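Residue numbers (the working numbering): 74 to 167.
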């Protein structure tokens, strides 16, 4: 059990670092766009909102996909487990 917790902790740390690095890469890649927007008169809050909207869009898409996959996997696992129960045992619980 201790090894499983260590693996989960390491995976969590790696995932957080990966997410942070991806966001930093996204900001670095869009430096030119930000510079052009600032030169055209955008203020800091407008630029910040640009990145905020992008992040929210990613989160919402991830949540939608995650919920759909979780529901699908739940139905699949439920039917898989139900197929391994004998008919007499299944009738006992109905």
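Idealized CB from N, CA, C, for every residue including glycine.
Quantities reported herein were computed from a predicted structural model and do not represent experimental measurements.
Could you check how far apart the C-beta atoms of residue 110 and residue 120 are, in whole angstroms? I think they sit under 8 Å. Going by Cβ atoms, the distance from residue 110 to residue 120 rounds to 6 Å, so yes, they are a contact pair.
In whole angstroms, what separates the C-alpha of residue 154 from that of residue 161? About 15 Å.
Along the chain, which unbroken stretches of the beta strand (DSSP E) at least 3 residues long are found entirely within the stretch 80 to 116? You should have found no qualifying run.
According to DSSP, is residue 77 helix, strand or coil? Here residue 77 sits in helix by DSSP.
Assigned secondary structure, residue 150 (DSSP; H/G/I helix, E/B strand, else coil): Note: residue 150 maps to helix in three-state DSSP.
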